[in-house]
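Below is one structure, written out as structure tokens; comments come after it.
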Amino acid sequence: MSGPNTDYDPVEVAAVSPAEVEAARDAALAAIAAAADLEQLKAVRSDHAGDRSPLALANREIGALPPQARKEAGQRVGQARGAVNQALAARSAELEVEHEARILVEESVDVTLPTDRDPVGARHPLTTGAELIADIFVAMGWEVAEGPVIEAEWLNFDALNLGPDHPARTMQDTFWTDPADDHVVLRTHTSPVQARTMLTRTPPIYVVCPGRVFRTDEYDATHSPMFHQVEGLAIDEGISMAHLKGTLDHFASQMFGEGITTRFRPSYFPFTEPSAEVDLVCFVCRGVDSDACRTCRGEGWIEWGGCGIVNPRVLQACGVDSSRYSGFAFGMGIDRTLMFRHGLEDLRTLFEGDVRFTTAFGSEL
Ligand code: PHE
53 MSGPNTDYDP
63 VEVAAVSPAE
73 VEAARDAALA
83 AIAAAADLEQ
93 LKAVRSDHAG
103 DRSPLALANR
113 EIGALPPQAR
123 KEAGQRVGQA
133 RGAVNQALAA
143 RSAELEVEHE
153 ARILVEESVD
163 VTLPTDRDPV
173 GARHPLTTGA
183 ELIADIFVAM
193 GWEVAEGPVI
203 EAEWLNFDAL
213 NLGPDHPART
223 MQDTFWTDPA
233 DDHVVLRTHT
243 SPVQARTMLT
253 RTPPIYVVCP
263 GRVFRTDEYD
273 ATHSPMFHQV
283 EGLAIDEGIS
293 MAHLKGTLDH
303 FASQMFGEGI
313 TTRFRPSYFP
323 FTEPSAEVDL
333 VCFVCRGVDS
343 DACRTCRGEG
353 WIEWGGCGIV
363 NPRVLQACGV
373 DSSRYSGFAF
383 GMGIDRTLMF
393 RHGLEDLRTL
403 FEGDVRFTTA
413 FGSEL
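Residue numbering for the sequence shown follows this note's numbering, beginning at 53 and increasing consecutively.
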């Protein structure tokens, strides 16, 4: 039988020897002092005060020591751990203060510094586009006319030879105001401005009318329930289709460049007779080798709008002497014209108010 091992010398348990404990403590204190920021201190804490740190391991050894050695070793290890924890807390507080001070300096904003950012904004391409169109006509001696977007049904339809039962009334899907028997619409085209002009003026009349129009269309890349049209009306003695063609050819070449002319295809509008669809020479391929052209899809021509000789019934409804005067009228989408002119892929970019889109056009006057 063997008795208790009274000769056991706790100094021989390496981890709790005074030298080892002192070395572990000093290493910890040195590392804590050297930690330059909170991130580094976190690593130091785990290395020197964490579960696997030398002092934590030494602490575990204490239980295995004979009772008489435990107290002294416990004190030694406890003191060392206490010193390390205190140093950690003190350094952490110091680094915290430094961190905050640094943020204040590094992230401060000097609001008095001069700035090189000077956003000037831009005019909307629809505004400048409508002005450009108006300018082309003003240069030919025409006037610009405007009218209300909330319009009498009679001016939007009836005066333009679109009576209540006219089948073409359904060609334009209309927004009606409430109640319906007020007979008020959001104008479906700028043509009521023609009617208003003829009713209030005496010929000769040469007016161009840009403006917003409304139809119950879906909102997608090529349609919008609100879009813009420009309408032209010339009433004078002896006006013919030849004047219309010459005017539109001039308009097209001013808008899209020299050599861009138009062609007419027979069509129908209640307010003009005869009527035509106007096409533009494709301004990308110019009708040459159009097979490969993505803009006109091989046509060589691009649909632009409608036109014709003002129907005498419209002249009569608007108080113009149709035995003396004749006239021509045309209308096209401004948005569509600008899409062609600037190569825009999606109509919606014109309406969504993104300043990055608008500034790309600059502030052209
Ligand atoms: N107002 C017609 C439309 O919106 C276009 C047009 C105007 C056609 C003038 C002929 C003459 O469809």
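Just so you know, even glycine gets a beta-carbon here, dropped at the ideal spot from N, CA and C.
Problem set entry | Where the beta strand (DSSP E) containing TRP356 begins and where it ends | In the DSSP assignment, TRP356 falls within the unbroken beta strand (DSSP E) covering 353-362.
Exercise. If you compare alpha carbons, which of TRP353, GLY357, ARG169 is closest to ALA432?
Worked result: Because the chain spans 53 through 417 in this model, residue 432 falls outside it and cannot be assessed.
Problem set entry | Option in PHE380, CYS348, ALA273, SER342 with minimal Cα separation from GLU325 | It is PHE380 whose Cα lies nearest to the Cα of GLU325.
Exercise. Around the C-beta of GLN131, are 16 or more other C-beta atoms found within 10 angstroms, so that it is buried, or is it exposed?
Worked result: GLN131 should be labelled exposed.
Problem set entry | C-beta atoms of ALA110 and GLU74 nearer than 8 Å | Taking the C-beta atoms as reference points, GLU74 is found no nearer than 8 Å to ALA110.
Problem set entry | Cutoff 7 Å; reference ARG365; Cβ partners in own chain excluding five residues on either side | When the five nearest sequence neighbours on each side are left out, the beta carbons in the same chain lying within less than 7 Å of the beta carbon of ARG365 are those of ASN213, in order along the chain.
Problem set entry | Touch test, the stretch 282-300 against the stretch 229-247, Cβ-Cβ under 8 Å, three pairs minimum | Counting Cβ pairs under 8 Å, three or more are found: they touch.
For this session: For the stretch 385-398 and the stretch 283-303, state whether three or more C-beta atom pairs, one from each stretch, are separated by less than 8 Å.
Result: Of all C-beta pairs linking the stretch 385-398 to the stretch 283-303, fewer than three are shorter than 8 Å, placing the two stretches out of contact.
For this session: Assign PRO62 to one of three DSSP states: helix, strand, or coil.
Result: With a pLDDT of 47 at PRO62, under the threshold of 50, the modelled position of that residue is not reliable, and the figure given next carries that caveat. Of the three classes helix, strand and coil, the one that applies to PRO62 here is helix, per DSSP.
Exercise. If you run the structure through DSSP and keep just helix, strand and coil, what is ARG264?
Worked result: Residue state, collapsed to three classes: strand.
Problem set entry | Residue from PRO119, SER378, ALA76 whose Cα sits closest to the Cα of ASP99 | A check of alpha carbon separations from ASP99 across PRO119, SER378, ALA76 identifies ALA76 as the nearest.
Exercise. Buried or exposed: ARG104, going by 16 or more other Cβ atoms within 10 Å of its Cβ?
Worked result: The residue is exposed, with fewer than 16 neighbouring Cβ atoms inside 10 Å.
Exercise. Expressed to the nearest angstrom, what Euclidean distance is found between the alpha-carbon atoms of ALA125 and VAL96?
Worked result: Approximately 24 Å between the Cα atoms of the pair.
Problem set entry | Pick from SER69, ASP225, ASP187 that is closest to ARG122, judged by C-alpha positions | When only C-alpha atoms are compared, the closest one is SER69.
Exercise. Does the separation of the CB atoms of ARG267 and ASP217 fall below 8 Å?
Worked result: Here ARG267 is not near ASP217, since their CB atoms are 8 Å or more apart.
For this session: Check whether the Cβ atoms of VAL237 and TRP194 sit closer than 8 Å, and answer yes or no.
Result: In this structure, TRP194 does not lie closer than 8 Å to VAL237 by Cβ.
Exercise. Thinking C-beta only, is CYS370 closer than 8 Å to ALA211?
Worked result: With respect to CYS370, ALA211 sits close: the two C-beta atoms are nearer than 8 Å.
For this session: Go through its chain and collect everything with a Cβ distance to GLY339's Cβ below 6 Å, but skip five positions before and after it.
Result: Annotation for GLY339: VAL333, GLY352 place their beta carbon closer than 6 Å to its own, counting only its chain and skipping 5 residues before and after.
Exercise. Does any heavy atom of the ligand PHE sit closer than 7 Å to the C-beta of GLU283?
Worked result: Yes, the Cβ of GLU283 comes within 7 Å of a heavy atom of the ligand PHE.
Exercise. Measuring CA to CA, which of GLU148, ILE188, ALA116, ALA82 is closest to SER305?
Worked result: Check the Cα spacing between SER305 and each of GLU148, ILE188, ALA116, ALA82: the tightest is with ILE188.
Problem set entry | Exposure of GLU158, with buried meaning 16 or more beta-carbon neighbours within 10 Å | Counting other Cβ atoms within 10 Å of its Cβ, GLU158 stays below 16 and is therefore classed as exposed.
Problem set entry | Own chain, CB closer than 8 Å to ALA273, minus 5 neighbours either side, in chain order | Answer for ALA273: GLU397, ASP398, LEU399, ARG400, listed in chain order.
Exercise. CB of CYS359 to nearest heavy atom of the ligand PHE: below 7 Å?
Worked result: Checking every heavy atom of the ligand PHE against the Cβ of CYS359, one is found closer than 7 Å.
Exercise. First and last residue of the beta strand (DSSP E) that includes THR314?
Worked result: Segment 314-321, the beta strand (DSSP E) holding THR314.
Problem set entry | beta strand (DSSP E) segment containing VAL106, residue limits | With the sequence shown as reference, residue 106 is identified as Pro, and Val is not the correct amino acid for it. Careful: PRO106 lies outside any beta strand (DSSP E), inside the alpha helix (DSSP H) at 106-114.
For this session: Indicate whether PRO256 and ILE287 have their beta-carbon atoms separated by less than 8 Å.
Result: Yes, the pair counts as a contact, with Cβ atoms nearer than the cut-off.
For this session: Return the CA-CA distance between LEU90 and PRO166, expressed in angstroms with no decimal places.
Result: PRO166 has its alpha-carbon roughly 35 Å from the corresponding atom of LEU90.
Exercise. Looking at ALA381 and the ligand PHE, is the gap between the Cβ and the nearest heavy atom below 7 Å?
Worked result: Under cutoff, so the answer is yes.
For this session: Go ahead and label VAL161 buried or exposed: buried means 16 or more other beta carbons lie within 10 angstroms of its beta carbon, across all protein chains shown.
Result: Burial call: exposed.
Exercise. Does the ligand PHE have even one heavy atom less than 7 Å from the beta-carbon of HIS218?
Worked result: Flag unset: Cβ of HIS218 not near the ligand PHE.
Problem set entry | Per-residue DSSP class, three states only, for ASP228 | First, the residue type needs correcting, since residue 228 is Trp and not Asp in the sequence shown. DSSP places TRP228 in strand when its eight states are reduced to three.
Problem set entry | N-terminal and C-terminal residue of the beta strand (DSSP E) that MET70 is part of | According to the sequence as given, residue 70 is Pro; it is not Met. Taken as a continuous stretch (DSSP letters only), PRO70 belongs to no beta strand (DSSP E), being part of the alpha helix (DSSP H) at 70-86.
Exercise. From ARG317, THR411, THR313, pick the residue whose C-alpha is nearest to that of CYS359; which is it?
Worked result: Nearest to CYS359 by C-alpha distance, out of ARG317, THR411, THR313, is ARG317.
Exercise. Do PHE308 and PHE335 have their C-beta atoms closer together than 8 Å?
Worked result: Against a cut-off of 8 Å, the Cβ pair of PHE335 and PHE308 comes out as a contact.
Problem set entry | Bounding residues of the alpha helix (DSSP H) (the contiguous stretch that carries VAL96) | Counting along the chain, VAL96 sits inside the alpha helix (DSSP H) bounded by residues 90-101.
For this session: Return the CA-CA distance between CYS337 and GLY311, expressed in angstroms with no decimal places.
Result: Taken atom to atom, the span from the alpha-carbon of CYS337 to that of GLY311 is near 12 Å.
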